[in-house]
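**Q**
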Amino acid sequence: MATDDKTTSHPADPARPGSGDKPGSRAKRAMLGAWFGFFVDLFDIYLPTVALAPAIAYFIAPDLGATGIAITGGMIFTATLIGRPIGAAIFGRFADTVGRKRATIVAMNGAGIATLLMALLPGYHQLGVASVLLFVALRLVGGIFLGGEYTAANPLAMEAAPRHKRGLYSGIINTGFPLAYAAVSLITLLLLLVMPAQGVDSAYAQWGWRIPFVIGAVLAFVLVAYYRRSVDESELFTKQKGTKTPIKTLFSGRNLSAFLQVFALMTGFWLSLQPVAAVLPTLLGADGIGMSSQATTLLLVVAYLLLAAVDVAAAVLSQRIGRRTFLVYAGAVMATVATTVYFLLVRFGPGNPRLAVVCTVLVVIVVVCPWAVLPAYINERFPTSVRASGYGLAYSLAVIVPSFYAFYQAGLGFVMPFNYTGIVLLGVGALTIVGAALAGPETKDIDFRAHADVSA
Numbered sequence: 255m256a257t258d259d260k261t262t263s264h265p266a267d268p269a270r271p272g273s274g275d276k277p278g279s280r281a282k283r284a285m286l287g288a289w290f291g292f293f294v295d296l297f298d299i300y301l302p303t304v305a306l307a308p309a310i311a312y313f314i315a316p317d318l319g320a321t322g323i324a325i326t327g328g329m330i331f332t333a334t335l336i337g338r339p340i341g342a343a344i345f346g347r348f349a350d351t352v353g354r355k356r357a358t359i360v361a362m363n364g365a366g367i368a369t370l371l372m373a374l375l376p377g378y379h380q381l382g383v384a385s386v387l388l389f390v391a392l393r394l395v396g397g398i399f400l401g402g403e404y405t406a407a408n409p410l411a412m413e414a415a416p417r418h419k420r421g422l423y424s425g426i427i428n429t430g431f432p433l434a435y436a437a438v439s440l441i442t443l444l445l446l447l448v449m450p451a452q453g454v455d456s457a458y459a460q461w462g463w464r465i466p467f468v469i470g471a472v473l474a475f476v477l478v479a480y481y482r483r484s485v486d487e488s489e490l491f492t493k494q495k496g497t498k499t500p501i502k503t504l505f506s507g508r509n510l511s512a513f514l515q516v517f518a519l520m521t522g523f524w525l526s527l528q529p530v531a532a533v534l535p536t537l538l539g540a541d542g543i544g545m546s547s548q549a550t551t552l553l554l555v556v557a558y559l560l561l562a563a564v565d566v567a568a569a570v571l572s573q574r575i576g577r578r579t580f581l582v583y584a585g586a587v588m589a590t591v592a593t594t595v596y597f598l599l600v601r602f603g604p605g606n607p608r609l610a611v612v613c614t615v616l617v618v619i620v621v622v623c624p625w626a627v628l629p630a631y632i633n634e635r636f637p638t639s640v641r642a643s644g645y646g647l648a649y650s651l652a653v654i655v656p657s658f659y660a661f662y663q664a665g666l667g668f669v670m671p672f673n674y675t676g677i678v679l680l681g682v683g684a685l686t687i688v689g690a691a692l693a694g695p696e697t698k699d700i701d702f703r704a705h706a707d708v709s710a
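See the structure below:
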């Protein structure tokens, strides 16, 4: 029978995951590991778009035009995109049959090796077009391994967390996203100040871009060492064991209902994120609001650092009012407040830098902070036997349809000014979040030890 944490207490016991709140408890070590893993994951995601972008000429033919450069960037993005759900399927099964800890260690070893190999690649002048093809292939491999990282590490952390602190731990884990963006952006800015990217023969284009990639690889190997020494296997997994066919079990019965509801929710999240994460940096640039690239980067760094603090507060709030209630209200605020602020940014931002700064910070915080609830909420939607598979696949597969945001914008551009199309995507994504959250149950009081299927 499930017990309620409000009426039943357990003494601190190092053998019980999450039973003690003292520093050094296995719950906090698992949470720190998941945070570190999420940081490394997002650090890796931004390496090509932030660190490599100023040196992309190193990998492409000198006579390649803007279209060719865009296609190259699309290939890199697509490879990473395809890798994530593949990794979630492979390592979700691994984590649900062999163990969360072992899956995390294998995944991060693979990710570190792939990132290090990227840093060692020769360029177009040495290998021709094979250089960029090798880079794309390594991004695919790295994406597979990194898709396995959060698929295993986040369920481990949530299973170790005390029930009444799952919201807090979820928020802390999610701060790895904004902090990783800030870190890779600041590292790149500092390198560009020391060695400006002035053509393919510049120091940054030849070897400077490799430094952030090496840092990313080292961080992955440090994470592996941390998990080996400090993180215990999930006791819930050890006691309850998993099914031999987690993917088949996930896509049947009540688990399938839970998966489809979370998939719809995540589709809304990914769609609403694109106007902020993908479109906003370009909108703020010279052809939109009129900011320089350095000013845009610094503004977004500040916005994401503020977001890190709000992430924790938002997740703690969900622990008080409920995940479902929080997600419904968050989606409603995104659909009303965020779209209005985005409109003000597009309409009045050019020539008004103060307004642009305020609107940018508000949009980033309102749209992105609800993600802080997801590590807890998604894991609460699935039983232990398929939790890693359910979390990883629902989280990763949902990104595919929203990833074609540029095509949706192009279509909308026939009926409205292009810079306003992001508002439509944001609104549709937000309303999808509201509908999907309403379709699911409240989860904050789910007792993982009961091994109950929490599908609606």
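Position one of the sequence shown corresponds to residue 255 (our numbering), numbered consecutively onward.
The C-beta atom is built at its ideal place from N, Cα and C for all residues, glycine as well.
How would you write the range of the alpha helix (DSSP H) that residue 489 sits in, first residue to last?
**A** Segment 489 to 494, the alpha helix (DSSP H) holding residue 489.
**Q** Just to confirm before moving on: does the CB-CB distance between residue 386 and residue 326 stay below 8 angstroms?
**A** yes
**Q** Could you have a look at residue 500 and say whether DSSP puts it in helix, strand or coil?
**A** Reduced to three states, the DSSP call for residue 500 is helix.
**Q** Roughly how many whole angstroms lie between the Cα atoms of residue 502 and residue 616?
**A** 42 angstroms
**Q** Which residue marks the beginning of the alpha helix (DSSP H) containing residue 298, and which one marks its end?
**A** 280 to 300
**Q** Measuring straight from C-alpha to C-alpha, what distance separates residue 653 and residue 458?
**A** 32 angstroms
**Q** Just tell me which of 488, 622, 681, 299 has its CA closest to the CA of residue 416.
**A** 488
**Q** Give the straight-line distance between the Cα atoms of residue 525 and residue 431, rounded to the nearest whole angstrom.
**A** 17 angstroms
**Q** Less than 8 angstroms between the C-beta atoms of residue 296 and residue 435, yes or no?
**A** Residue 435 is positioned such that its CB atom lies closer than 8 angstroms to that of residue 296.
**Q** Which word fits residue 632, buried or exposed, when buried means at least 16 other C-beta atoms lie within 10 angstroms of its C-beta?
**A** buried
**Q** When the Cα atoms are used, what is the spatial distance from residue 418 to residue 412?
**A** 11 angstroms
**Q** Along the alpha helix (DSSP H) that carries residue 418, what are the first and last residues, could you check?
**A** Element bounds for residue 418: n/a, residue is neither H nor E.
**Q** Can you check whether the CB of residue 628 is closer than 8 angstroms to the CB of residue 610?
**A** no
**Q** When you compare only the Cα positions, how much space is there between residue 698 and residue 634?
**A** 7 angstroms
**Q** What residue does the alpha helix (DSSP H) around residue 691 start on, and which one ends it?
**A** Residues 675 to 693.
**Q** If you measure between the beta carbons of residue 298 and residue 365, is that distance less than 8 angstroms?
**A** yes
**Q** Look up residue 375 in the DSSP assignment and say whether it is helix, strand or coil.
**A** coil
**Q** Let's test the definition: count the other Cβ atoms within 10 Å of the Cβ of residue 316 and tell me whether it reaches 16, buried, or not, exposed.
**A** exposed
**Q** Note down the Cα distance separating residue 504 from residue 447, rounded to an integer number of angstroms.
**A** 50 angstroms
**Q** Let me know the secondary structure DSSP gives residue 555 once reduced to three states.
**A** helix
**Q** How big is the Cα-Cα spacing for residue 277 and residue 594?
**A** Any reading at residue 277 must be qualified, since the residue scores a pLDDT of 40, below 50, and its modelled position is unreliable; no value is offered.
**Q** Compute the Euclidean distance between the alpha carbons of residue 560 and residue 444, then round it to the nearest angstrom.
**A** Rounded to whole angstroms, residue 560 and residue 444 show a C-alpha spacing of 21 angstroms.
**Q** Span of the alpha helix (DSSP H) holding residue 525?
**A** 507 to 528
**Q** Along the chain, which unbroken stretches of the alpha helix (DSSP H) at least 4 residues long are found entirely within the region 563 to 643?
**A** 577 to 587, 593 to 602, 607 to 622, 628 to 634
**Q** Smallest Cα separation from residue 379: which of 310, 578, 557, 429?
**A** 310
**Q** Rounded to whole angstroms, what's the CA-CA distance from residue 694 to residue 360? Just pull it up for me.
**A** 33 angstroms
**Q** If you run the structure through DSSP and keep just helix, strand and coil, what is residue 654?
**A** coil
**Q** Would you check if there are 3 or more beta carbon pairs closer than 8 angstroms linking the region 642 to 649 to the region 529 to 538?
**A** no
**Q** According to DSSP, is residue 352 part of a helix, a strand, or is it coil?
**A** coil
**Q** Any contact between the region 672 to 690 and the region 580 to 587? By contact I mean 3 or more CB pairs, one from each, below 8 angstroms.
**A** yes
**Q** So does the region 563 to 570 actually touch the region 654 to 663, counting three or more Cβ pairs closer than 8 angstroms?
**A** Not touching, per the Cβ criterion.
**Q** Under three-state DSSP, which class holds residue 452?
**A** Reduced to three states, the DSSP call for residue 452 is coil.
**Q** With a CB to CB cut of under 6 angstroms and the five nearest residues on each side skipped, what residues in its chain are close to residue 284?
**A** Exclusion of the five residues before and after residue 284 leaves 410, 411, 414, 485 as the residues of its chain whose Cβ lies within less than 6 angstroms of its Cβ.
**Q** On the three-state DSSP scale, how would you describe residue 382?
**A** Under the three-state reduction of DSSP output, residue 382 falls in the coil class, being neither helix nor strand.
**Q** When we look at the beta-carbon of residue 669 and count the other beta-carbons within 10 Å, is it buried (16 or more) or exposed?
**A** exposed
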